[in-house]
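Participant: Each number in the numbering used here comes from the position in the sequence shown (counting from 1) with 2 added on.
Virtual Cβ for every residue (Gly too), placed ideally from N, Cα, C.
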Amino acid sequence: MEHYVTLFDSLFLPQGLALHMSMERHAGAYTLWILCMDERGHDALQRLHLPNVRLIALADVESPELLQVKPTRSRGEYCWTMTPFTPKMVFDRDSSVQRVTYLDADLWFRQSPCSIFAEFDESGKAVLITEHAYAPQFDQSHTSGKFCVQFTVFVRERSEPVRECWADQCIDWCYARLEDGKFGDQMYLNEWPTQFGDSVHVLERKEWVQGPWNTARFPPSEAVAFHFHGLRLFRGGKVLLTDRYPIFRSTSEVLYKPYLQDLGEAISALRRIGIEVPPQLEKSFWLQRLRAVAKGLFNAQRRVLQDETARFGRVR
């Protein structure tokens with residue numbers, strides 16, 4: 003059995019539930035541990051009684067050092083600060099768990115992740131990380147890092163030097179700005195392959211974990227998991243995209259359309275227990291900064307930003 007851990011607050015319940023739906027279809031035997039970043043989210047998840055899920059209350063895991071930095075971090079920054087601590091939360095709660103995979107809450111599985119774990123097992127390493135694998139024309143490695151925290155695997159005990167170093171770094175500095183080669187919790191990973199080379203494996207099949215930054219590089223059918231970074235729910239059943247990446251028609255059909263269906267089912271499940279999901283972005287932010295709007299949560303019309311004849315393999 004594989005063990006996974008993620009974290010989110012009540013605002014991101016739809017994404018968290020969509021992740022769970024995809025795991026029910028594709029993850030096989032698994033347990034998903036969820037660190038609930040607020041009491042409202044914890045209460046909702048308790049009432050939903052999701053199969054294969056175990057909840058962790060934030061108040062149960064906040065150490066004095068975390069509480070000390072909490073007032074200095076925004077809500078998102080504090081979530082990033084907590085991320086390196088989540089694998090240990092699982093190890094501490096179940097002595098039988100031998101490895102834990104951290105997942106971003108807006109990740110979504112299209113296929114079984116067994117191929118990823120097979121490659122990791124073959125490496126014999128203690129930690130697995132994934133690259134952003136940007137399409138060349140959208141490379142943001144210098145500001146967001148070469149690697150993405152999105153899907154990170156930790157083996158019990160052997161991964162501790164890496165995880166502890168990361169946790170210490172995030173306690174010291176974890177902010178949503180670029181400063182001295184740091185950004186949030188993520189750019190620390192840039193050093194892992196050299197600093198912990200004997201312990202860290204970089205996923206070789208980059209197309210298995212995709213995101214909007216590489217839809218111009220990989221066929222969507224090859225995605226094991228897709229990271230719906232920048233997708234936010236807005237008023238009136240609208241979906242907003244905050245990223246400036248092209249969404250091809252094939253990507254829309256293969257990935258975005260089924261994900262939107264899962265989000266719709268998640269919202270319906272929450273409404274059945276009396277929870278309405280508030281807008282995930284303020285209107286003022288949308289008016290100033292958002293570029294793409296997909297209207298209608300269930301029948302979104304995706305704007306094709308590049309001609310689909312520009313084949314994926316061309317920029318590999």
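Measure the alpha-carbon distance for Glu4 versus Phe93 and round it to whole angstroms.
Facilitator: 13 Å
Participant: Tell me, please, whether the CB atom of Phe156 is closer than 7 Å to any CB atom in chain B?
Facilitator: In the displayed structure, chain B is absent; only one protein chain is listed.
Participant: Quick check on DSSP: helix, strand or coil for Arg101?
Facilitator: Note: Arg101 maps to strand in three-state DSSP.
Participant: Under 8 Å: do the segment 269-279 and the segment 242-254 share three or more Cβ pairs, one atom per stretch?
Facilitator: Inter-segment contact for the segment 269-279 and the segment 242-254 is absent: fewer than three beta-carbon pairs are separated by less than 8 Å.
Participant: Assess contact between the segment 224-242 and the segment 104-119, defined as three or more Cβ pairs (one per stretch) separated by less than 8 Å. Is contact present?
Facilitator: A contact exists between the segment 224-242 and the segment 104-119.
Participant: Could you tell me which residues DSSP pairs with Arg234 in its beta bridges?
Facilitator: Leu242
Participant: Among the candidates Trp210, Thr74, Phe87, whose CA atom is the shortest distance from the CA of Pro163?
Facilitator: Phe87
Participant: At what residues does the beta strand (DSSP E) containing Thr33 begin and finish?
Facilitator: 32-38
Participant: Quick one: give me the first and last residue of the alpha helix (DSSP H) that Ile131 is part of.
Facilitator: Note, Ile131: premise wrong, no alpha helix (DSSP H); beta strand (DSSP E) at 129-133.
Participant: State the DSSP-derived secondary structure class of Arg251, mapped to helix, strand or coil.
Facilitator: helix
Participant: Are the segment 20-30 and the segment 97-109 touching by the rule of at least three beta carbon pairs closer than 8 Å?
Facilitator: yes
Participant: How many angstroms separate the CA atom of Pro53 from the CA atom of His44?
Facilitator: Cα to Cα, Pro53 sits roughly 15 Å from His44.
Participant: Starting from Thr8, follow the beta strand (DSSP E) in both directions and report where the run begins and ends.
Facilitator: For Thr8, the uninterrupted beta strand (DSSP E) segment begins and ends at 4-10.
Participant: Output needed for His28: all residues of its chain with C-beta closer than 8 Å, excluding positions within five of it in sequence on either side, in chain order.
Facilitator: Phe111, Arg112, Gln113, Ser114, Pro115
Participant: Rounded to a whole number of angstroms, what is the C-alpha to C-alpha distance between Asp123 and Ile249?
Facilitator: 33 Å
Participant: Count Cβ pairs between the segment 148-168 and the segment 68-81 that sit closer than 8 Å; are there 3 or more?
Facilitator: Fewer than three pairs of CB atoms, one per stretch, sit closer than 8 Å, so the segment 148-168 makes no contact with the segment 68-81.
Participant: For Gln197, count neighbouring C-beta atoms within 10 Å of its own C-beta (all shown protein chains included) and say buried if the count is 16 or more, exposed if not.
Facilitator: exposed
Participant: Would you decide whether Gln48 is buried or exposed? Buried here means 16 or more other CB atoms lie within 10 Å of its CB.
Facilitator: exposed
Participant: Looking at C-alpha atoms only, which residue of Thr83, Ile275, Glu206 is the closest neighbour of Leu320?
Facilitator: With the chain covering 3 to 318 only, the question about residue 320 has no answer from this structure.
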